[in-house]
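Structure first, then comments.
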Amino acid sequence: MAKEKILAVLDIGSNSIVLLVAKCNSNGTIEPINEVFAVTRLGKGITHSGVLSEEAIQYTLDVSKEMQNIAMSEGAEDLIITATSAVRNARNKSEFLVKCHQRLNIFPQVLSGKEEAKFTYLGATYEIESESPLLTIDIGGGSTEVAFGTKNIMVGAHSMNMGCVAISEMFNIGKGEWIPQRIAAKRYIRKNFFSIVDDVHSWLSSRSPIVIASGGTATTFAALLLKENVYDRKHINSVKVESKMVAVYSRQLSRMGIEERVRVPGMEKERAEILPAGLLILSEFLRFFNFNDLRITANGLRYGVMKHCLQKYFG
Numbered sequence: 321m322a323k324e325k326i327l328a329v330l331d332i333g334s335n336s337i338v339l340l341v342a343k344c345n346s347n348g349t350i351e352p353i354n355e356v357f358a359v360t361r362l363g364k365g366i367t368h369s370g371v372l373s374e375e376a377i378q379y380t381l382d383v384s385k386e387m388q389n390i391a392m393s394e395g396a397e398d399l400i401i402t403a404t405s406a407v408r409n410a411r412n413k414s415e416f417l418v419k420c421h422q423r424l425n426i427f428p429q430v431l432s433g434k435e436e437a438k439f440t441y442l443g444a445t446y447e448i449e450s451e452s453p454l455l456t457i458d459i460g461g462g463s464t465e466v467a468f469g470t471k472n473i474m475v476g477a478h479s480m481n482m483g484c485v486a487i488s489e490m491f492n493i494g495k496g497e498w499i500p501q502r503i504a505a506k507r508y509i510r511k512n513f514f515s516i517v518d519d520v521h522s523w524l525s526s527r528s529p530i531v532i533a534s535g536g537t538a539t540t541f542a543a544l545l546l547k548e549n550v551y552d553r554k555h556i557n558s559v560k561v562e563s564k565m566v567a568v569y570s571r572q573l574s575r576m577g578i579e580e581r582v583r584v585p586g587m588e589k590e591r592a593e594i595l596p597a598g599l600l601i602l603s604e605f606l607r608f609f610n611f612n613d614l615r616i617t618a619n620g621l622r623y624g625v626m627k628h629c630l631q632k633y634f635g
């Protein structure tokens with residue numbers, strides 16, 4: 321008989337924090353009990369300052385404490401906290417970690433870029449049943465992770481220091497940018513993809529992978545396509561979209577003012593400012609590697625971390 325535990329993973333990202341509480345079984349299945357999302361913008365301004373602001377740290381820890389309480393109320397036997405690019409790149413990383421421990425009595429695990437890519441791949445491919453090559457992309461606030469392999473074996477993983485918050489701040493994307501700024505942003509994005517192109521192409525050879533996008537940019541885009549204002553992971557996991565539609569939405573949303581953008585069905589108010597930059601990264605990725613379409617998944621880093629932790633709890 322399969323053993324069960326209720327576990328929780330709290331992912332502290334550059335733009336948002338996400339809590340997953342799930343019933344985990346020794347047979348490897350993860351059954352979500354509750355998922356809670358909040359945009360805290362921990363990494364806001366870090367592109368220029370190099371540090372996490374006191375205001376952002378305090379707000380992020382306030383929300384993290386609330387999520388810890390939710391996890392405990394759901395019966396979680398353990399809470400794993402991870403932190404990604406904003407924390408790992410900040411000059412005041414130690415200050416954040418100490419304050420987090422003081423507030424939550426837990427030190428977050430600061431993931432390296434490759435660890436973030438690995439766990440994202442584990443999560444994004446969790447419910448995929450296919451023998452085809454798989455390639456995942458996760459566009460976060462401060463970094464973008466790309467990984468590839470098959471259902472059971474990850475072959476390569478890369479992390480690039482560009483995310484939707486960083487691109488938005490550097491090139492004014494989604495804030496009424498001029499054409500030269502958009503062109504410069506595209507060049508910067510492509511330069512990052514050039515750094516991984518040989519590895520990806522040597523693995524792909526002539527094969528066509530299933531491309532899977534996870535993270536806030538992808539799931540918000542799925543909500544726009546579905547015109548749904550209420551989060552439904554099953555609906556999101558069913559979305560498949562042609563690459564040209566990503567480019568269309570990126571351009572259209574960039575031309576809108578924030579107030580108009582917020583009114584688009586499916587748009588999260590807190591993501592309205594940075595979604596055009598996230599979609600620009602995704603569009604350029606698909607164009608750069610000549611992928612025709614992609615799937616979107618609500619699974620991602622937190623599911624990968626939980627899947628990894630199953631080995632610790634069940635052997």
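All residue numbers for the sequence shown refer to my numbering, where the first residue is 321 and numbers rise by one. Where a beta carbon is used, it is the ideal one built from N, C-alpha and C, also for glycine. Please read all numbers here as calculations on a predicted model, not as lab measurements.
Residue i, DSSP secondary structure in three states
i, result
"R615", "strand"
"M480", "strand"
"A403", "strand"
"E604", "helix"
"M474", "strand"
"A467", "strand"
"E436", "helix"
"A410", "coil"
"K627", "helix"
"D552", "coil"
"M448", "With the sequence shown as reference, residue 448 is identified as Ile, and Met is not the correct amino acid for it. Of the three classes helix, strand and coil, the one that applies to I448 here is coil, per DSSP."
"A391", "helix"
"A533", "strand"
Burial state of residue i, where buried means 16 or more other Cβ atoms lie within 10 Å
i, result
"P500", "exposed"
"N610", "exposed"
"S432", "exposed"
"Q388", "buried"
"K385", "exposed"
"E489", "buried"
"S563", "buried"
"P596", "buried"
"S450", "exposed"
"I503", "exposed"
"I473", "exposed"
"G370", "exposed"
Alpha-carbon to alpha-carbon, residue j and residue i
i, j, result
"T617", "L546", "13 Å"
"S346", "N425", "27 Å"
"K364", "N549", "25 Å"
"A486", "K323", "43 Å"
"E588", "P529", "30 Å"
"I457", "E394", "31 Å"
"T539", "I400", "23 Å"
"S603", "V430", "29 Å"
"N354", "L340", "6 Å"
"K642", "R361", "Look at the range of the chain in this structure, 321 to 635, and you will see that residue 642 is not part of it."
"M565", "V418", "44 Å"
"G598", "I578", "15 Å"
"K627", "S452", "21 Å"
"L454", "H478", "14 Å"
"K413", "I493", "27 Å"
"S373", "R591", "20 Å"
"C344", "Q631", "11 Å"
"Y623", "R510", "29 Å"
"R571", "G483", "17 Å"
"I377", "S558", "35 Å"
"D552", "F634", "30 Å"
"R411", "E436", "19 Å"
"A505", "L606", "15 Å"
"K560", "L621", "20 Å"
"K495", "L573", "10 Å"
Residue i: first and last residue of the uninterrupted alpha helix (DSSP H) it sits in
i, result
"E580", "I578 to V582"
"G536", "G536 to L546"
"D458", "It is not in any alpha helix (DSSP H) - D458 instead sits in the beta strand (DSSP E) that spans L454 to I459."
"V517", "V517 to L524"
"A592", "It is not in any alpha helix (DSSP H) - A592 carries neither H nor E in the DSSP assignment."
"R510", "I499 to F514"
Range covered by the beta strand (DSSP E) that runs through residue i
i, result
"V561", "K560 to E562"
C-beta neighbour in chain B for residue i, strict 8 Å
i, result
"I390", "Structure shown: chain B not included; a single protein chain is present."
Taking only runs of the beta strand (DSSP E) that begin and end inside the stretch 323–379, which ones reach a length of at least 3 residues, in chain order?
-> 324–332, 336–345 and 350–359
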